Amino acid sequence: MPVLLAPDRAPILDKLLSTANIVGLDTQIVSPEGVVLPSIRGLGALSAAGSSEISFLSNPKLAAQLQTTSAAAVIVAPKVYQQLLESGFTPCWHAVLCSQPYLMYALLAQWFDQHRIDHLPAGIHPTAVIHESAVIGSGVSIGPLCVIEENVHIGSGTRLGPHCVIGANSAIGAHTLLHAGVTLYHSVRIGDRCILHSGCVLGADGFGFAPNPMQHGAWAKIAQLAGVVLGNDVEIGANTTIDRGALEDTVIGHGVKLDNQIMIGHNCHIGDHTAMAACVGVAGSTRIGQRCTIGGAAMLSGHLELADDVHVSGGTAVTSSIGKPGRYTGVFPYTDHQQWQRNAAVLPQLAQLRRRLRSLERESPANPA
Amino acid sequence: MPVLLAPDRAPILDKLLSTANIVGLDTQIVSPEGVVLPSIRGLGALSAAGSSEISFLSNPKLAAQLQTTSAAAVIVAPKVYQQLLESGFTPCWHAVLCSQPYLMYALLAQWFDQHRIDHLPAGIHPTAVIHESAVIGSGVSIGPLCVIEENVHIGSGTRLGPHCVIGANSAIGAHTLLHAGVTLYHSVRIGDRCILHSGCVLGADGFGFAPNPMQHGAWAKIAQLAGVVLGNDVEIGANTTIDRGALEDTVIGHGVKLDNQIMIGHNCHIGDHTAMAACVGVAGSTRIGQRCTIGGAAMLSGHLELADDVHVSGGTAVTSSIGKPGRYTGVFPYTDHQQWQRNAAVLPQLAQLRRRLRSLERESPANPA
Amino acid sequence: MPVLLAPDRAPILDKLLSTANIVGLDTQIVSPEGVVLPSIRGLGALSAAGSSEISFLSNPKLAAQLQTTSAAAVIVAPKVYQQLLESGFTPCWHAVLCSQPYLMYALLAQWFDQHRIDHLPAGIHPTAVIHESAVIGSGVSIGPLCVIEENVHIGSGTRLGPHCVIGANSAIGAHTLLHAGVTLYHSVRIGDRCILHSGCVLGADGFGFAPNPMQHGAWAKIAQLAGVVLGNDVEIGANTTIDRGALEDTVIGHGVKLDNQIMIGHNCHIGDHTAMAACVGVAGSTRIGQRCTIGGAAMLSGHLELADDVHVSGGTAVTSSIGKPGRYTGVFPYTDHQQWQRNAAVLPQLAQLRRRLRSLERESPANPA
């Protein structure tokens, strides 16, 4: 019979239990008889974890690895653990039974990373160029060679890596992290607990031009007068760009997660908790609902509305509004190149083929006419 | 009967009239009887503008908003205004009658933004690192922590935001604006009145490698010896990259407008006044004509020629040259995911389906053979 | 009869012969009778090279230009040169006969560029901010305003342009070149002789979030604990991003060449000598073999395996693993917009059309049933 692990023997599992308690995850630790938990030094995948590491099972397809892993402890759903025992297998690892193993893994990974974060350099580096009018909260860290322009507000506990530029009249909330080389134009507002990755640019001019019929082909620039607003708990990936609004702000809701190299056009609204994978482009003035997911390299045309809980597959071009939750896809299936050539050649004839088919159907003996 | 607004009562409308005069736009202001124009403090969309703001109607679909807007003044085409009066509606806003309302809006937005621009910090920041051989024109502003290398020329009235890097032997024309964090490699030439947004990189090496048959799979780098040349009045979006030429310059014509995250390969030529939306990729040595528009996330293969006045829809892959003006498209229509699965499964059989259709046609009684 | 050029008359051809010797390219120089080689000042395409430039023919389609070029010397395959003589044409240029003209051109272009590189500023710029624990090899150049964090190692002969940021515990090998504005997060390892272009970001957090069922729609961040490892002779394009691994490193093999604006997700492995054109996106945990080529703007889904020697056409979405070498494509062919509209409208009916075709086939008199 497994025994409950004594918390004082394993601070990391103790930490797990207290974390689980805070977020409301019902969690129990079950240890193999007579096996003392070693000092846990890391977190690894089931197939790679060493004997002083903790692992987790979130993908049921990998359940067989529970029988071969060298991990000292494994986070696993109670049901899966029960099935394992019933199959006759006796684990020699300590089981952390929890209904949300993937969430528990996320929390644990954060805990491991915290040690590194706690040792990051603090304070305001003397090489930073900070306008005298800037209002800097308590416990703020500003890295080397940052530039903070006029009337900027930075909330308490926020950290800026090296080489960030914060444009005039911008404001950053509390406990937000800007990695090296983030650029905010003027009048950009960022919430609390956000993470902005290197090379992202918020507040560049939206792409607005009026054709000038008096000069053949020339474009008159439409100055972009509004700003960008990010909610709380937003993460923005490396080299992602979010343009400022023309007349009204571009708005990114609370808890939105944007991967790298995403482009959000001017005047867009992204609803709370929506997540987009890398390389997505959203053209101007499109409004996306809450809890949507947009797959990598998808593109959305401008002036669309997507309802809440819409899921767009990677590589899909969304060219019209979507009013109903669900999953939407439009991707050309890839094949061997020669096969593609043969089949793609038929595409420009599809309408004609349909006509020919109809014509045959009209002639068919089965056709009552 | 509406009366003509006294210019001294409303400097902004006065400004509008003089601007219109300069660019040759025939413009007239018509005021509702007895309504004094308030002080105009901003510019807003018809649906959002407040009672001290000016608005515009450029999209005829929104004409109904003319009857509900709270704007103090509206820029509108004379024909549309006439129809409104004829419909029996009496506007309580001041009408700025102009045949190009969208262009007038663009000019007005520029005027509103000018106030902010006029207050940007001027002069050369002491933290900028400037090579002694650099030639800096009169009235140039160079922001904090810029790096200007050997033999750089910067024309009069040009502004560099913080953190720009200008490589050796590069030249920037007059009255050009580089936002924070623009990088020019060596030997890049920029024209007058250009705007370059943060994170754009001009002059990185084109992607050129020769397979080295003596080392299985290895690539020998082809040094990229030529530069990048931008004409006048060009705008380049945030995080866009334009590679330097291998043997001849990459050339961007006058008045070209490139949105964010565009990639222009080495040796490309982009004709005057061509505009590209975000996330477009143009492979090396492709030549695009004048006044083309390329929709977002379109991609163009290398070594192509596109005629003048070609319009490519967003998301389209252009894999061959286009000799005739017109609009070109190639996008897989998106649908509900399950419907997509059913239909996409037929694509690898299209050539076979066509054969089967032909075979039925041959057997058809309607077939004279 | 052509005569062999005296090496002392033309140092550049001398250089060519010695380079050819080093890399094992059998090369011979043949000069037109009585024509003295001028001083060679540059390298140009056949159609553009002037009379003091050297050129090359690698694309057989351009062979006719051999008869019209003004180049002083041309690198050409012996077989092509022989055919030219047999056609009765007598070149007035000096022929550099070499079985790999394109490779020879690459080596020659490198030689021309070396002059510029040799004159780049050397040493550690006083404005660089370098942590006292950093270990800097001999002959290292660090440009203005770079930031080198704790415990960084930089190998001998490596050059950093201005504004690079090297995160804590990262290591860069020997003779590697970082152009201006490269950002490495903490714990990133770069090999020898690599080239990293401006704006590229290595080591940003992979896109990992666990849904938090206890907060409707919210995401819990999965801290990304592993790093990024680049082999030797890797080139990374401008504004390309390579994310750090979640639990195991993201690995880029030796000799890999990535163009601009590419996105490599966390945990990916890219095999040696694989090359990707611009704007490619590779989602997390995908493994790509050796010597693959991925065309521009292709996208690869996550958790896939691509064999060695797989070639993916530009714009193709790869959504499943590829076990066999070969070329794979999936691109919607573009056409005139109206034609596209007519044909694309049939796509959502393809499965239905197939059913109707089957039904006709069943009724067909040719059908034995």
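Chains as they are written, first to last, in my numbering: chain Y, 28 to 396; chain W, 28 to 396; chain D, 28 to 396. For every residue, glycine included, the Cβ atom is placed at its ideal position computed from N, Cα and C. These numbers were taken from a predicted model, which means no experiment stands behind them.
Whether residue i touches residue j by CB criterion (7 Å)
{"i": "G280 (chain D)", "j": "G264 (chain D)", "result": "no"}
{"i": "A273 (chain W)", "j": "G235 (chain W)", "result": "yes"}
{"i": "Y361 (chain W)", "j": "V345 (chain Y)", "result": "yes"}
{"i": "T154 (chain W)", "j": "V156 (chain Y)", "result": "yes"}
{"i": "Q317 (chain Y)", "j": "H300 (chain Y)", "result": "yes"}
{"i": "G258 (chain W)", "j": "M241 (chain Y)", "result": "no"}
Neighbourhood of residue i by C-beta, 6 Å cutoff - its chain only, sequence neighbours within 5 removed
{"i": "V167 (chain Y)", "result": "I181, T185"}
{"i": "L285 (chain D)", "result": "I263, G264, T267, M303"}
{"i": "A291 (chain D)", "result": "One point to set straight first is that residue 291 (chain D) is Ile, not Ala, in the sequence displayed. Excluding residues within five positions, the ones whose Cβ falls inside 6 Å are I269, V309."}
{"i": "H338 (chain D)", "result": "T320, R354"}
{"i": "C227 (chain D)", "result": "V209, I263, T267"}
Close beta carbons around residue i, own chain, < 8 Å, minus the five adjacent residues each side
{"i": "R36 (chain Y)", "result": "Low confidence applies to R36 (chain Y): its pLDDT is 37, below 50, so where it sits in the model is not reliable enough to give any reading."}
{"i": "V101 (chain Y)", "result": "L73, I81, S82, F83, L84, L93, P118, W120, H121, A122, V123"}
{"i": "N370 (chain W)", "result": "T362"}
Residues that residue i contacts on chain W, provided the C-beta gap is smaller than 8 Å
{"i": "C306 (chain D)", "result": "M290, C306, G308, M326"}
{"i": "W246 (chain Y)", "result": "G282, K284, H300, A302"}
{"i": "E388 (chain D)", "result": "R383, L387"}
Rounded separation between residue i and residue j - CA only
{"i": "A99 (chain D)", "j": "W120 (chain D)", "result": "5 Å"}
{"i": "S82 (chain W)", "j": "S348 (chain Y)", "result": "27 Å"}
{"i": "V162 (chain Y)", "j": "N178 (chain Y)", "result": "7 Å"}
{"i": "P29 (chain Y)", "j": "E60 (chain Y)", "result": "Its pLDDT being 35, under 50, P29 (chain Y) is placed unreliably in this model, and the coordinates cannot settle the point."}
{"i": "A104 (chain Y)", "j": "Y212 (chain W)", "result": "54 Å"}
{"i": "V255 (chain D)", "j": "G282 (chain D)", "result": "16 Å"}
{"i": "Q379 (chain D)", "j": "V307 (chain W)", "result": "35 Å"}
{"i": "A201 (chain D)", "j": "G218 (chain D)", "result": "7 Å"}
{"i": "P148 (chain W)", "j": "I193 (chain Y)", "result": "14 Å"}
{"i": "R220 (chain D)", "j": "L377 (chain W)", "result": "48 Å"}
{"i": "H293 (chain Y)", "j": "A253 (chain Y)", "result": "9 Å"}
{"i": "P118 (chain W)", "j": "L73 (chain W)", "result": "13 Å"}
{"i": "D53 (chain W)", "j": "A47 (chain W)", "result": "7 Å"}
{"i": "S160 (chain Y)", "j": "S214 (chain Y)", "result": "15 Å"}
{"i": "R383 (chain Y)", "j": "R389 (chain D)", "result": "17 Å"}
{"i": "S399 (chain D)", "j": "W246 (chain W)", "result": "In the structure as shown, chain D begins at 28 and stops at 396. Residue 399 (chain D) is therefore absent and cannot be evaluated."}
{"i": "S225 (chain W)", "j": "G188 (chain W)", "result": "9 Å"}
{"i": "N86 (chain D)", "j": "C191 (chain Y)", "result": "46 Å"}
{"i": "Q368 (chain Y)", "j": "I321 (chain Y)", "result": "29 Å"}
{"i": "N196 (chain Y)", "j": "E176 (chain Y)", "result": "8 Å"}
Contacts around residue i, its chain only, beta-carbon distance under 7 Å, and the 5 residues preceding and following it disregarded
{"i": "A90 (chain Y)", "result": "L84, V107"}
{"i": "E332 (chain D)", "result": "R314, S348"}
{"i": "H142 (chain W)", "result": "none"}
{"i": "H206 (chain D)", "result": "G188, L223, H224, S225"}
Residues that residue i contacts on chain D, provided the C-beta gap is smaller than 7 Å
{"i": "S340 (chain W)", "result": "H364"}
{"i": "D260 (chain W)", "result": "What D260 (chain W) touches in chain D: nothing, since even the nearest Cβ is about 24 Å away."}
Chain-ordered neighbours of residue i on chain W, where CB pairs are closer than 7 Å
{"i": "V373 (chain Y)", "result": "L377, A378, R381"}
{"i": "N178 (chain Y)", "result": "Residues of chain W passing the Cβ test: none, with the nearest at roughly 11 Å."}
Proximal chain Y residues relative to residue i, where beta-carbon distance stays under 7 Å
{"i": "T210 (chain D)", "result": "A207, G208, S225, G226"}
{"i": "P360 (chain D)", "result": "A371, L374, P375"}
Partner residues on chain Y for residue i, Cβ-Cβ distance less than 8 Å
{"i": "V256 (chain W)", "result": "Near V256 (chain W) there are no residues of chain Y at all, since even the closest Cβ is about 19 Å away, more than 8 Å."}
Contacts that residue i makes with chain W (C-beta to C-beta distance below 9 Å)
{"i": "R216 (chain D)", "result": "Near R216 (chain D) there are no residues of chain W at all, since even the closest Cβ is about 21 Å away, more than 9 Å."}
{"i": "H190 (chain D)", "result": "L172, V174, H190, V192, G208, T210"}
{"i": "P240 (chain Y)", "result": "S126, Q127, L130"}
Beta-carbon neighbours of residue i, restricted to chain D and to distances below 9 Å
{"i": "L89 (chain Y)", "result": "Ordered by position in chain D, no residue passes the 9 Å Cβ test against L89 (chain Y), which lies about 12 Å from the chain."}
{"i": "G323 (chain W)", "result": "Within 9 Å Cβ-Cβ: nothing; G323 (chain W) doesn't reach chain D, min ~12 Å."}
Residue-level contact to chain B via CB, residue i, 7 Å cutoff
{"i": "V123 (chain W)", "result": "As a matter of chain content, chain B is missing from the structure shown, whose protein chains are Y, W and D."}
Any non-hydrogen atom of the ligand NAP closer than 6 Å to residue i Cβ
{"i": "V309 (chain D)", "result": "For the structure depicted, the ligand NAP is absent and the ligand set is empty, with no information on it obtainable."}
(message) Tell me which residues of the region 262 to 273 of chain D have at least one Cβ-Cβ distance to chain Y shorter than 8 Å, keeping chain order.
(response) So the close ones are N266, T268, D270, A273.
(request) Determine which residues of the region 149 to 168 of chain W have a Cβ less than 7 Å from any Cβ of chain Y, and write them out in chain order. (result) Listed by position along the chain: T154.
(message) Beta carbons nearer than 7 Å to chain Y: which residues of the region 347 to 358 of chain D have them?
(response) G353, R354, Y355, T356, G357, V358
(message) Output needed in chain order: residues of the region 62 to 94 of chain Y with a Cβ under 7 Å from some Cβ in chain D.
(response) L70, G71, A72, A75
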